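Be aware that the sequence shown starts at 1, since it is given in the UniProt record's numbering, and climbs by one per residue. So the structure is just underneath, and the comments pick up after that.
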Amino acid sequence: MKNGSYFGIDFGTTNTSVYLYNYEHGKGAIGTGYGTNGRDITPFSSCIAISRNKDNDFKFGREVKEKINEYADDYKIVTSFKSLLGTDEEIVVNGVRYTGQKLAVLFLNYVKETVNAIRPDFDEAVFSIPVDFSARARTELLEAAKCIGIKVKGFVSESSAAYISKINDIKAFSKVMVIDFGGGTLDLSILNLKDKKVYEDAVYGIKFGGDDIDKELALRLLPKIYPGVEFDELDSPKKDKLMNEVERMKIEFTEYDDYTMTLGEGSRPVDIDYDTFSNIITPLITDNIFDAIGNVMKIANVSADNIDAVILAGGSSNLRPFADIILSMFGEEKIIFDDENNRYQWIVAKGAAITSAAECDFRLGDDICILLSDNEKYPVLKKDENKVGDKVENLSFSLTTDSYDAHFIFTDSTGKTRYATILANAKGYVNENFDMSVEIGKDQIARVVIKNKDMGTGYQVKSEINKLRFYYDLKDIEG
1 MKNGSYFGID FGTTNTSVYL YNYEHGKGAI GTGYGTNGRD ITPFSSCIAI
51 SRNKDNDFKF GREVKEKINE YADDYKIVTS FKSLLGTDEE IVVNGVRYTG
101 QKLAVLFLNY VKETVNAIRP DFDEAVFSIP VDFSARARTE LLEAAKCIGI
151 KVKGFVSESS AAYISKINDI KAFSKVMVID FGGGTLDLSI LNLKDKKVYE
201 DAVYGIKFGG DDIDKELALR LLPKIYPGVE FDELDSPKKD KLMNEVERMK
251 IEFTEYDDYT MTLGEGSRPV DIDYDTFSNI ITPLITDNIF DAIGNVMKIA
301 NVSADNIDAV ILAGGSSNLR PFADIILSMF GEEKIIFDDE NNRYQWIVAK
351 GAAITSAAEC DFRLGDDICI LLSDNEKYPV LKKDENKVGD KVENLSFSLT
401 TDSYDAHFIF TDSTGKTRYA TILANAKGYV NENFDMSVEI GKDQIARVVI
451 KNKDMGTGYQ VKSEINKLRF YYDLKDIEG
């Protein structure tokens, strides 16, 4: 590592954290988290209030969360806008259309201005991302950051970032599972420490998080709060107030056993005890968590007994029903969770900052292969040899039959995992030639370009391969 200050950003569905990691004279100093009001133990709340009546009137972050009952009538409260990245969905307020990228620009600019008031050098960072974040979503996030003056130095999966941030606590463990349970996604990784190299044996992610729990709570409690009213019948301000109150209740139940929901005019105050809360959300969490953990262990070919430690990260990890499920599966002695001063909310951003300082070479942990007609597997990207930033060109393949299309099937070295199938047009004769290039971008997506001169000089097919498995050298992290 080189001496200097390095930033990591955990741009989350519910909360966003910025972390500064200082490295001087051969060792890393205690870092600093940045959030609400600059330096704070509270991350930025990932929400925007957009005026329904005035142009360019925005409010951001925790101010919106704390004053939502005051703002809801005159402002459209926008939460979970990260989930709009990589989609065609838009939000229309006061006649203005807002895409996910446009909302990200507005919010990240607020984050940058807040941190810059204390650290004017905040202009470059490594971003953490969910494992199933699409290529388009990664590109739009990169462009949003660039638009407001933040250079994206690279990307790291949220679960790998959590692992890196806890590296000093887990050096003695070989196989570690990371469970990052956030507002919009549930990301899992199983990482394997071998010869001071950290391998991603398996990565798995689903779109399930705290927002889904909030929605279930709102639907189940609505008859008590607004008797005889369907959720879709509520006007926008009432929905905003209801969802905010449900989230607040969820947070309160991490410590307390009773809560009274009060939403004002047209609603009834409702007393909720912890058992009622738990009975609503536990089945939802159980179904998703058990399936996700089962799938990631199946990919890695391990059982719960083979896991030496479990790192918990993400705001939803603090939910008691979730913790009970994890404890029942792995036992308390295996769990690593920083709940003092809400430090679990900074784990991922810290890992991203350390990744920036270390300038890790993320190398492929397995070959990316083309499945040939005889079922042999030909590596187009090679384990150990190829890393993020590499481009392989001048690959050539030919048809073995007189077909009018060519199917390029991308697999891992075993052939069990199929990453993608790309269809390219052909003239239909044996030995017809196709040229291919593959590049691993800094967003950890492999981009494939296939050309066929017989179809015309401008003909090409493009596709992306996601959820690649990488490894990195521990000595880079340790400095």
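Heads up, the beta-carbon is just placed ideally off N, CA and C, and yes, glycines get one too. Every value quoted in this text rests on a predicted model; they were computed, and no experiment measured them.
### Contacts around residue 482, its chain only, beta-carbon distance under 7 angstroms, and the 5 residues preceding and following it disregarded
Residue coverage of the chain in this structure runs from 1 to 479, which leaves residue 482 outside it and unanswerable.
### Message
I'd like the list of long-range same chain contacts for Arg418, defined as Cβ closer than 6 angstroms, with 5 residues on each side in sequence excluded.
### Response
Thr411
### Task
May I have the straight-line CA-CA distance separating Lys76 from Lys67, to the nearest angstrom?
13 angstroms
### Task
Output the distance between the C-alpha atoms of Ser403 and Phe7, rounded to the nearest integer angstrom.
52 angstroms
### Query
Between the Cα of Thr36 and the Cα atoms of Ser83, Thr16, Glu24, Ser51, which residue gives the shortest distance?
Thr16
### Query
Taking Cβ positions, are Lys166 and Ile354 nearer each other than 7 angstroms?
no
### Task
Go to Phe397, then tell me how far its beta strand (DSSP E) extends in each direction, as first and last residue.
From DSSP, the beta strand (DSSP E) with Phe397 extends over 391 to 398.
### Task
Would you tell me roughly how many angstroms separate the C-alpha atoms of Asp443 and Phe277, rounded to the nearest one?
39 angstroms
### Message
If you follow the beta strand (DSSP E) that Lys451 is in, where does it begin and where does it stop?
### Response
446 to 451
### Message
One question on the structure: do Ala420 and Ala406 come within less than 7 angstroms of each other, judged by their Cβ atoms?
### Response
no
### Task
State the start and end residues of the unbroken alpha helix (DSSP H) segment that holds Asn246.
For the record, residue 246 in the displayed sequence is Val; it is not Asn. Looking at the DSSP string, the run of the alpha helix (DSSP H) that includes Val246 is 236 to 252.
#### Entry: Contact between the region 358 to 378 and the region 204 to 216 (3+ Cβ pairs under 8 angstroms)
no
### Message
Can you look up Val461 in the DSSP assignment and give me helix, strand or coil?
### Response
The answer is strand: DSSP assigns Val461 an E or B state.
### Task
Compare the C-alpha of Val93 against each of Asp338, Leu85, Phe58, Thr87 and name the closest.
Phe58
### Task
Work out the CA separation of Val78 and Phe60 for me, nearest whole Å.
10 angstroms
#### Entry: Proximal residues to Ser128 (C-beta, below 6 angstroms), its chain only, five neighbours per side dropped
In chain order, Asp10, Val156, Glu158, Ala161, Val348, Ala352 place their CB closer than 6 angstroms to the CB of Ser128, counting only its own chain and leaving out the 5 sequence neighbours on each side.
### Query
Which class does Val198 belong to by DSSP, given the choice of helix, strand or coil?
strand
### Query
Exposed or buried, which one is Asn192 when buried takes at least 16 other CB atoms within 10 Å?
buried
#### Entry: Classification of Phe231 by the beta-carbon crowding that lies within 10 angstroms, buried from 16 upward
exposed
### Message
Counting C-beta neighbours from all protein chains within 10 Å, is the total for Tyr34 16 or more, i.e. buried, or is it exposed?
### Response
Buried is the call here.
### Query
How would you call Ser303, buried or exposed, if buried means at least 16 neighbouring beta carbons within 10 angstroms?
exposed
### Message
Measuring alpha carbon to alpha carbon, tell me which residue in Leu222, Thr457, Ile368, Val296 is nearest Lys175.
### Response
Val296
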